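Chemist:
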Amino acid sequence: MRTETPKTIFLKDYKPTPYLVDSVKLTFRLHDTETLVRAEMRMKPNKASKTKSAALELDGEMIKLLSVAINGELLSTGDYDLNERKLVIRKPPAKAFTLAIETQCDPAGNTALSGLYMSNGMFCTQCEAEGFRRITYFYDRPDVLAKYHVRIEAPKRLPVLLSNGNPAASGEIAGTDRHFAEWDDPHPKPSYLFALVAGDLASVHDRFTTSEGREVGLGIYVEKGKESRCAWAMQSLKASMRWDEKVFKRAYDLDVFNIVAVSDFNMGAMENKGLNIFNDKYVLALPETATDTDFQLIEAIIAHEYFHNWTGNRITCRDWFQLCLKEGLTVFRDQEFTADMRSRDVKRIDDVQDVRARQFPEDFGPLQHPPRPSSYIEINNFYTSTVYEKGAEVCRMILTLIGAKAFDKGMQLYFKRHDGEAATVEQFVACFEAASGRKLKQFFRWYEQAGTPQVAASGVYNAKAKTYTLTLTQSVKRLKGQKPKQPLHMPLALGLIGPDGKALYNGMVELTKAVQVFTFKNIAAKPVLSLNRNFSAPVVLKRRASEKDLLLQLAHDSDSFNRWEAGQELAQKLMLERYHGKEANKWPQKVEALAEALRQPLADPHLDDAYKAKLLEFPGFEQLLPALVKDVDPARLNAAHTDFISTLAQSLESSLREIYQSTESTAAYLPDDAQSGQRALRYQALGLASQAKAPWVDASLIKESISATNMTAEYGALRIATRFENPLAEDLLARFYQSHSADPLLIDKWFAAQATTPGENSAARVRALMSHKDFTVKTPNRVYALLRNFIGANFNGFHAPSGEGYRLAADVIIAIDAINPQVASRLATGFRTWRMFDVNNRQKAQGELQRILAAKPLSPDVFEIISRTLKA
Ligand code: ARG
Ligand code: ZN
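With positions in the sequence shown counted from 1, the corresponding number in our numbering is that position plus 1214.
1) Residue 1376 and residue 1493: beta carbons closer than 7 Å?
2) Relative to the C-alpha of residue 1595, which residue among 1606, 1446, 1583 and 1996 is closest?
3) By DSSP's criteria, residue 1338 is part of a beta bridge. Which residues make up the other side?
4) Got a sec? Which residues, its chain only, sit under 7 Å from residue 1516 by beta carbon, not counting five neighbours each side?
5) Would you list, in sequence order, the uninterrupted beta strand (DSSP E) runs of no fewer than 3 residues that lie entirely inside the segment 1658-1717?
6) With a CB to CB cut of under 8 Å and the five nearest residues on each side skipped, what residues in its chain are close to residue 1308?
7) Can you tell me whether residue 1311 is helix, strand or coil according to DSSP?
8) Do the segment 1645-1655 and the segment 1543-1562 meet, that is, are 3 or more Cβ pairs less than 8 Å apart?
9) In terms of residue numbering, what span does the beta strand (DSSP E) encompassing residue 1490 cover?
10) For the segment 2007-2046, which segments carrying the alpha helix (DSSP H) assignment without a break, of at least 4 residues, lie completely within its bounds, in sequence order?
11) Residue 1609 by DSSP, collapsed to three states: which one?
12) Can you look up residue 1300 in the DSSP assignment and give me helix, strand or coil?
13) Under 6 Å: does the beta carbon of residue 1544 sit that close to some heavy atom of ligand 2?
14) With 16 other CB atoms within 10 Å as the buried threshold, where does residue 1278 fall?
15) Is the closest heavy atom of ligand 1 to the C-beta of residue 1455 under 6 Å?
16) Exposed or buried, which one is residue 1868 when buried takes at least 16 other CB atoms within 10 Å?
17) What is the rounded straight-line gap between the Cα of residue 1486 and the Cα of residue 1425?
18) Tell me whether residue 1265 is buried or exposed, calling it buried when 16 or more other Cβ atoms sit within 10 Å of its Cβ.
19) Below 6 Å CB to CB, which residues in the same chain sit around residue 1364 once its five sequence neighbours on both sides are set aside?
20) Just list the residues that DSSP pairs residue 1475 with in beta bridges.
21) Please name the residue in 1886, 1811, 1851 and 1932 whose C-alpha comes closest to that of residue 1822.
22) Cβ of residue 1480 versus every heavy atom of ligand 1: is any distance shorter than 6 Å?
23) With respect to 6 Å, is the separation between the Cβ of residue 1485 and the closest non-hydrogen atom of ligand 4 below this value?
24) Could you check where the alpha helix (DSSP H) with residue 2084 kicks off and where it finishes?
25) Using CA atoms only, rank isn't needed, just tell me which of 1355, 1356, 1353 and 1319 is closest to residue 1339.
26) Residues in the same chain with beta-carbon distance under 7 Å from residue 1526, minus the five sequence neighbours each way, listed in chain order, please.
27) On the premise that residue 1754 lies in contact with residue 1614, defined as a C-beta separation below 8 Å, what is that separation, rounded to the nearest angstrom?
28) Among residues of its own chain, excluding the 5 on either side of residue 1216, which ones have a beta-carbon nearer than 6 Å to its beta-carbon?
29) Looking at ligand 1, does it come within less than 6 Å of residue 1275, judged from the CB to the closest heavy atom?
30) Helix, strand or coil: how does DSSP classify residue 1976 here?
31) Count the other CB atoms within 10 Å of the CB of residue 1651; is the residue buried (16 or more) or exposed (fewer)?
32) My guess is that residue 1370 and residue 1401 are in contact by the Cβ rule of under 8 Å, so how many angstroms apart are they, rounded?
33) Using the beta-carbon count (16 or more within 10 Å), is residue 1722 buried or exposed?
34) Measure the alpha-carbon distance for residue 1327 versus residue 1475 and round it to whole angstroms.
35) Kindly examine ligand 2 and report whether one of its heavy atoms sits closer than 6 Å to the Cβ of residue 1541.
36) In angstroms with no decimal places, state the Cα-to-Cα distance between residue 1804 and residue 1817.
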């Protein structure tokens, strides 16, 4: 924790290090508060560096230096400089040398959960992005790749000792109650991929034979008693390994692959070479403890971390500005995996909903940045939806532009050219230029220009000439002080639909200019335009579609994404009309028309249940904000949203009831697509019916929660009761707590359900829950369950006109910042939309933001987020 104004790092300042590390031998003597680390490094001058005979500047933080030796000789304090961030050896030898450093750290006192820390009595690590410097002095940056040999010494009460690579040795330490294990990783890697685990853990094991004939031992390590909850994760791991061999021709490259689940973890999971460490909520699952959504997330995150072995580990990033090189690409790969395992159409809708809910709000406001930013203060603040999800959309656009064959060729070329290297986004894109023969120079702007483009479309039909002329205009909103934005190169898949619902044209255009006109010939009748099919570009469309056109698309669009989208567009239109108080008398009929149009697909036996469930989901509050631009009255928006949903639900009531009755199932639980789709539809219908205040809902909720045989049903009912302020909510909450109070992941769900119970007074309830005996600020999952949900998913609670929501958030951010800056900083992003609200809310938010900024000490993490939020 520093008090001076934190420093900004710039992409343009990148320089290779003057020295490289060939290999590292690490010895850990693990003790809760005084762990000793000895690092022996083989160093050599870096030919790529222009700075000759430079000082050796190593990163180090929160550690105590015990000794430094070069070629076996101890240095004296005059040979180096030491400050809170660096160890600088003034005159290292000009030729290769060995450097031995001894340090001490305090894993038990490490509440930031970065570096080596303790969680529930076990030792574990999180080194991405810059945690390794809390273990020893090192070039803690991704372009320095070294081979690691690790020796762990620990008390025998921690029998499981793990690190990266393959096991090399293990045994007792004679005359003590301690033992050791050694691990050897033959693949050079950057320090952020280092990992160590020591604990009294249970494990499950399996095997996998790779396409290259390698026998790989798979292990999943969890807290004792949780072994039975690992089967789904193991199955997902094997499916991922198989899929990567088949689709990307990538095989695994070590003799073991281990996963460890820990209960205190800042993020989702971490791809450390051969030793993935996971937030336990993304590993542990049984039908009675995890929902369908949990099962799907586990499958996707296991895959994501596994896929990093090639995209991230074998080919890593030159510097942290290139983060989307590994994250965007790996998200793209896990999206494709899920699309192959489940319904591709539904997965696409899922991903777009996610982009709209999390990436668009980031891109519209003060925290906007391109997938490859050009500066940062704290890199941990850039593990964002823009880097991950927009990064994935950019990969997907390359695929759409150059086609599947060239894309595959480009990927294989990327693996061939850059295996074992620390690469840049330019090098990645160059592979697709080479594979396709196409120039992607303009396309590259997607990586460097922030903001969501708006594409306006207007079409004119000439009945005599039978032509349809489409004019497309693209623009990106400029924030204060920004340079003019450049037009982007975007693929826009489109169709022209005839009045009878039949296709008149299916194809794609490439928009490259600010304004561009496309003419389609031989169009037999005046068409309805279906643009940006499959969400081929991550943009906001602006067009004047009539309600009639949207209803036609909802009935007939052959692109399943745009068919769904038509319903979304219409729903959003109706919510906004309600908000603005427009045409109040015609409004109920318009909602009824949408309900009528939905009845047909809902009854269509050829459509998946999961898809039908999506048809019944509608845009959330955050998604409406950009269309309202400013001076938003949160109470009125909440009312408009609620009115729309309940009016629609009343119209649909009999269909909802039918769906609910027909999706009753006695089959043994499977987390597969068919069953989880059926359940998604069932609880979506029940939730809507509860908003219609349908009389049969209460009895169903009681039945669901009492006789539930799986968590999807039990939590589904609880969520419906708490979300829609059903009088049964208190009862169901008490029952849920009683049956699950021993299970931390379910207690998280119990907190989450209450955090999202709407109402302008919910800040008080959340504040009271912070004094509950099960609440702790030390476990990120618990903080996220109660507070991230309150801030991010309780619209009228957080934005209450009283300012109580903002005050609570600020109190919590300041308190948690002292313990765990990464967690505090993630909570702080919840203020990113503050300027869009009316003057009362703006003033209250601004006051709280200024209060946070004045807190001392303040981490660079929170400083960066809050100062940016206040500025733009
Ligand atoms: N690389 C991890 C992933 O799979 C994320 C780790 C980020 N952790 C952090 N503290 N910034 O996406
Ligand atoms: Zn990742």
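All C-beta atoms in this analysis are idealised placements derived from N, C-alpha and C, irrespective of residue type, glycine included. For clarity, every value in this text was computed on a predicted model and none was experimentally measured.
Modeler: To lay it out plainly:
1) no
2) 1583
3) 1331
4) 1447, 1450, 1451 and 1454
5) 1668-1676, 1681-1689 and 1704-1711
6) 1259 and 1267
7) strand
8) no
9) 1489-1493
10) 2009-2012, 2018-2031 and 2035-2042
11) helix
12) strand
13) yes
14) exposed
15) no
16) exposed
17) 22 Å
18) exposed
19) 1240, 1377 and 1397
20) 1492
21) 1886
22) yes
23) Ligands displayed in this structure: ligand 1 and ligand 2; ligand 4 is not among them.
24) 2074-2085
25) 1319
26) 1485, 1540 and 1544
27) At roughly 18 Å, the Cβ-Cβ gap does not stay under 8 Å, so residue 1614 and residue 1754 are not in contact.
28) For residue 1216, the predicted structure reports a pLDDT of 49, less than 50, and the residue's modelled location is therefore unreliable. A value from the coordinates is still provided. Excluding sequence neighbours, residue 1216 sits near nothing in its chain.
29) no
30) helix
31) exposed
32) The Cβ separation is near 30 Å, so there is no contact.
33) exposed
34) 14 Å
35) yes
36) 21 Å
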